[in-house]
Amino acid sequence: MKNTLLLLTQHNQQYRELLAHKQLPNLTILADSDNQQQYVQQANIWLAEPHLAAPYLTASTATNTLTLKWLQSTFAGVDALMSPQLRQDYALTNIRGVFGPLMSEYVFGYLLSHYRHHAQYQQQQTLQLWQPKPFCSLQGLNMLILGTGSIAQHIASTARHFAMSVTGLNRRGHPIDQFDHVDNIDTLNEHLPLADVIISVLPKTPHTTHLLNDTNLPLLRPAAMLFNIGRGNAIESNALLSALRLFPQRRAILDVFEQEPLPPQHPLWHCPNVIITPHIAAPSFPTQVVDIFSQNYLRWHQSESLQYLVDPAQGY
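Start counting the sequence shown at 948; every next residue gets the next number (our numbering).
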């Protein structure tokens, strides 16, 4: 069976070159065009960034002649495609299994820097000060991870290498090997006061919106560190600001926000115990995306089930 691929990414040429080396059977890759709508109608497979694909899936643009059968997202998060106004009559797969190491690098880079006083020693160096500071080891600290998917599992494994105690929360509370303990997300308020480090890797769904809010953020320990590397909707920003101002020892390391870019006037920019990064904790590297797409395409070509299918009912 002949298949036609449409690229909807910010790096189409790089993807085209990488795919050419794969020599995938019976696959034609459409060229870029100013008249993209014409190609949208022709391709039965899309390799796309979700926000670039979404405009072509609305009721006004996606006519009955749309031939899309499978869309491979280049991202893990596909919330841009979950709107009820968009068509969902196709197989949607995302990227998994490659972001865990990158997310772990991000989290533990900031954790070690904080607990080992890297910033303070850098300042002391400029003043030629030889002034050792007592520090807290990661050993024995309690880490709470909201979400227990592949990214969370990799972070949990890394934490256990540092002899941390790791609890994961998900919707079912079923045990998972990489965690010391797994509980239902409904018990969040019981676990927050016990955690030294809290990490949200939750996807964007109606159930995760403002999960961390003015009711439970005050429960954080006075010196807790909170990471958000999932989706920005998980944290109510005003409640977070209040919690951080109440205890200046608390820290928030935020890579994702409800509105991106974060508006210049947002008070989080000026909060001294916040670190803001521009959604860079785990980028989608085209080489890794193409490897996953290629493996999935060979399954598609052999009429086998696809890996990393997204359930539209759950949003991930």
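Positions of the beta carbon are idealized from the N, C-alpha and C atoms, including for glycine.
Suppose contacts are defined by Cβ-Cβ distances below 8 Å. Is residue i in contact with residue j by that definition?
i	j	result
THR1179	PHE1204	Reading the sequence as shown, one finds Gly at residue 1179 and not Thr. Their beta carbons are under 8 Å apart, which means GLY1179 touches PHE1204 by this criterion.
GLU1234	LEU1013	The sequence shown places Thr at residue 1234, rather than the Glu named in the question. Their beta carbons are not under 8 Å apart, which means THR1234 does not touch LEU1013 by this criterion.
ALA1038	LEU1253	yes
THR1152	GLY1262	yes
LEU1188	PRO1214	yes
LEU1116	ASP1130	yes
ILE1092	MET1050	no
ASN991	LEU971	no
ALA1000	LEU1028	yes
ASN1041	TYR1255	yes
THR1155	ALA1171	no
ASN1220	PRO1195	yes
LEU1167	ALA1190	yes
LEU994	THR956	yes
SER1112	MET1090	yes
ILE1132	PHE1174	no
GLU1183	HIS1217	no
ASN1163	LEU1141	no
VAL987	LEU954	no
GLN1086	PHE1109	yes
GLN1019	PHE1232	no
CYS1083	TYR1068	no
PRO1237	LYS969	Note that residue 1237 corresponds to Val in the displayed sequence, not to Pro. Yes.
Report the partner residues of residue i according to the DSSP bridge assignment.
i	result
ASN1220	None, per the DSSP bridge assignment.
PHE1109	PHE1109 is not bridged to any residue.
PHE1174	ILE1146, ILE1200
THR1114	LEU1091, HIS1128
THR1005	LEU1033
THR1155	Looking at the DSSP assignment, THR1155 forms no beta bridge with any residue, so it has no partner.
HIS976	Note on identity: in this sequence residue 976 is Ile, with His being the wrong assignment. DSSP, once it has assigned bridges, lists LEU952 as partnering ILE976.
LEU1256	THR1040
Taking the beta strand (DSSP E) that residue i falls in, what are its first and last residues?
i	result
VAL1144	1144-1147
ASN950	950-955
ILE1182	ILE1182 -> no beta strand (DSSP E), and no H or E assigned at all.
GLN920	Absent from the structure is residue 920, since the part of the chain shown begins at 948 and ends at 1263.
ALA995	992-995
LEU1013	Unbroken run through LEU1013: none, as it is neither H nor E.
Within the continuous alpha helix (DSSP H) that includes residue i, where are the two ends?
i	result
LEU1135	1135-1138
HIS968	959-969
GLN1261	Here GLN1261 belongs to no alpha helix (DSSP H), and DSSP marks it neither H nor E.
VAL1025	VAL1025 -> no alpha helix (DSSP H), and no H or E assigned at all.
Does the beta carbon of residue i fall short of 7 Å from some heavy atom of the ligand MN?
i	result
TYR1003	With respect to small molecules bound, the structure shown includes none, and the ligand MN cannot be examined in it.
Sufficient close CB pairs (3 or more, under 8 Å) joining the segment 1069-1077 to the segment 1016-1026: no
Cβ contact check for the segment 1142-1149 and the segment 1092-1102: 3 or more pairs under 8 Å: The segment 1142-1149 vs the segment 1092-1102: in contact.
Completely contained beta strand (DSSP E) runs for the segment 1074-1099, where each covers 3 or more residues: DSSP runs (the beta strand (DSSP E)) wholly in the segment 1074-1099: 1089-1093.
Every unbroken beta strand (DSSP E) within the segment 1028-1071, with a cutoff of 3 residues, ordered by chain: Complete beta strand (DSSP E) runs here, min 3: 1038-1040.
In chain order, each alpha helix (DSSP H) run of at least 4 residues that lies wholly inside the segment 1200-1248: 1233-1248
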